[in-house]
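Student: 367 is the number of the first residue of the sequence shown in this note's numbering; add one for each residue after it. Just so you know, even glycine gets a beta-carbon here, dropped at the ideal spot from N, CA and C. Since this is a predicted model, take the numbers as computed values, not measurements.
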Amino acid sequence: MNTDLNQDIDFEKIPSIELLEYISFKDEFPAEAQSAFVEFCFRFEKELKRKSEIYCNKYGYSEVVALEIAHCTFSRVWKYGSFNKEKAKSNDMDKAILLWMYPIVFTQIIKYGKENTCAEPTEEEDLSLINNAEELAEKLDIINVEAKREVVAKLKTIERALTQLTVKHRIIYFTYRGYKKQGKKVPRTITALLREKLSLTQKSVNTYYGDAERHITTYLNIINGKA
Numbered sequence: 367m368n369t370d371l372n373q374d375i376d377f378e379k380i381p382s383i384e385l386l387e388y389i390s391f392k393d394e395f396p397a398e399a400q401s402a403f404v405e406f407c408f409r410f411e412k413e414l415k416r417k418s419e420i421y422c423n424k425y426g427y428s429e430v431v432a433l434e435i436a437h438c439t440f441s442r443v444w445k446y447g448s449f450n451k452e453k454a455k456s457n458d459m460d461k462a463i464l465l466w467m468y469p470i471v472f473t474q475i476i477k478y479g480k481e482n483t484c485a486e487p488t489e490e491e492d493l494s495l496i497n498n499a500e501e502l503a504e505k506l507d508i509i510n511v512e513a514k515r516e517v518v519a520k521l522k523t524i525e526r527a528l529t530q531l532t533v534k535h536r537i538i539y540f541t542y543r544g545y546k547k548q549g550k551k552v553p554r555t556i557t558a559l560l561r562e563k564l565s566l567t568q569k570s571v572n573t574y575y576g577d578a579e580r581h582i583t584t585y586l587n588i589i590n591g592k593a
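1) Going by the beta-carbon positions, is the gap between Ile524 and Ile582 smaller than 8 Å?
2) Would you check if the stretch 389-406 and the stretch 416-434 touch, i.e. whether three or more CB-CB distances between them fall below 8 Å?
3) Whole-angstrom Cβ separation of Lys534 and Leu564, contact assumed at under 8 Å?
4) Please state whether DSSP places Thr573 in a helix, a strand or coil.
5) Could you tell me whether the Cβ atoms of Thr555 and Thr439 are closer together than 8 Å?
6) Look at the alpha carbon of Ile475 and the alpha carbon of Ala527, and state the distance between them as a whole number of angstroms.
7) How would you write the range of the alpha helix (DSSP H) that Lys415 sits in, first residue to last?
8) From the DSSP output, in three-state form, read off Ile375 for me.
9) Determine the closest residue to Tyr446 out of Phe391, Asp460, Arg416, with distance taken between C-alpha atoms.
10) Would you call Glu394 buried or exposed, if buried means 16 or more other Cβ atoms sit within 10 Å of its Cβ?
11) Out of curiosity, what's the CA-to-CA distance linking Ser401 and Ala519?
12) Assuming Ala399 and Ile383 form a contact by the criterion Cβ under 8 Å, report the distance between their Cβ atoms to the nearest whole angstrom.
13) Return the residue from the list Lys550, Gly544, Leu586, Ile538 that minimises the CA-CA distance to Lys569.
14) Give the straight-line distance between the Cα atoms of Gly591 and Arg536, rounded to the nearest whole angstrom.
15) Between Gln400 and chain C, is there a C-beta pair that is closer than 8 Å?
16) What do you reckon, are the CB atoms on Ser418 and Ala436 nearer than 8 Å?
17) Ordered along the chain, which non-local residues of its own chain (more than five positions away) have a Cβ less than 7 Å from that of Arg543?
18) Do you know offhand how far Leu386's Cα is from Lys505's?
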C-alpha cells in the first residue's frame with residue numbers, strides 16, 4: 367500500500383486488496399478511503415449484482431431488492447470490512463474478495479425478509495460451512511496450543527466416526543457444532559445456508575444432525591468399552 371497520501375493516487379491501478387486497506391483507514395484519511403471505496407464498488411458491482419439477483423430469484427425477490435442487497439453488502443464492506451488475506455479461498459485476490467462477499471450477500475437476503483432493510487452484521491455473518499475437524503477447531507478459535515491439540519484429537523475421533531455416514535452428515539454435524547452457542551439455537555442464517563448448499567429441507571437437516579449425534583455416541587461408547 368502506498369503510504370504517501372500527499373500525492374495523487376491512481377486508485378484504478380491499485381490491487382483490490384490494497385483498496386480494502388485504504389478503506390480501512392477511513393477515519394484517518396477519509397478522502398482517500400472514499401476514493402478507494404468508489405473504485406472498489408465499480409470494480410465488483412457487476413459480479414456482486416449478478417450473485418445478488420441469483421440469490422434473490424430463489425427467494426422470490428425482485429431485481430430492485432437484489433440491487434438494494436448489493437448496496438447493503440457494499441455498505442457492510444465500508445463500515446466493517448474484515449477481509450482476511452490469510453483465509454482467502456483463492457490465490458486470485460479479486461476472486462477471493464468476491465467469495466468473501468457472497469456470504470454477506472446471502473446473510474443480507476435471509477434477514478431482509480424480516481427487516482426489509484440492510485441488516486446490521488453479527489458474529490455469524492461471515493458464513494461458511496464447516497467440513498471437517500480442523501476447520502471446526504479453527505472456528506472455535508482456541509488460543510492455548512496444548513488445549514487446541516487436545517480438541518483437534520477429539521474432533522478427529524469424531525471425524526473418523528462420521529466416515530461411516532455421508533458427507534452431508536459430516537458437514538451438518540461440524541457446522542452445527544461450530545455455530546451453536548450454549549443454550550441457543552443454530553443461527554437462522556446458518557440453517558438457511560445448509561439447506562441452500564446441501565439441497566435439503568430443514569426437517570432433513572435436523573434428521574441428518576440427529577443421526578450423526580447418535581452414530582458418534584455409539585462409536586465413542588464402543589472405543590471406550592461402554593458398549
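Tutor: The structure says:
1) Contact check for Ile524 against Ile582 passes: the beta carbons are separated by less than 8 Å.
2) Cβ pair count under 8 Å is below three, so no.
3) Rounded, the Cβ-Cβ distance is 5 Å, consistent with contact.
4) Correct three-state label for Thr573: helix.
5) No.
6) For Ile475 and Ala527, the distance between alpha carbons rounds to 35 Å.
7) 396-424 is the extent of the alpha helix (DSSP H) around Lys415.
8) In the structure shown, Ile375 falls within a coil segment according to DSSP collapsed to helix, strand and coil.
9) Residue Phe391 is the option with its Cα nearest to Tyr446.
10) Glu394 should be labelled exposed.
11) The C-alpha of Ala519 is placed about 48 Å away from the C-alpha of Ser401.
12) About 15 Å separates the Cβ atoms of Ala399 and Ile383, ruling out a contact at the 8 Å cut-off.
13) Ranking Lys550, Gly544, Leu586, Ile538 by Cα distance to Lys569 puts Ile538 first.
14) For the pair Gly591 and Arg536, the Cα-to-Cα distance works out to about 24 Å.
15) Among the protein chains of the structure shown there is no chain C, as only one such chain exists.
16) In contact: Ser418 and Ala436 (Cβ atoms closer than 8 Å).
17) Closer than 7 Å at Cβ, skipping near neighbours: Leu502.
18) In this structure, the straight-line span from the alpha carbon of Leu386 to that of Lys505 is close to 24 Å.
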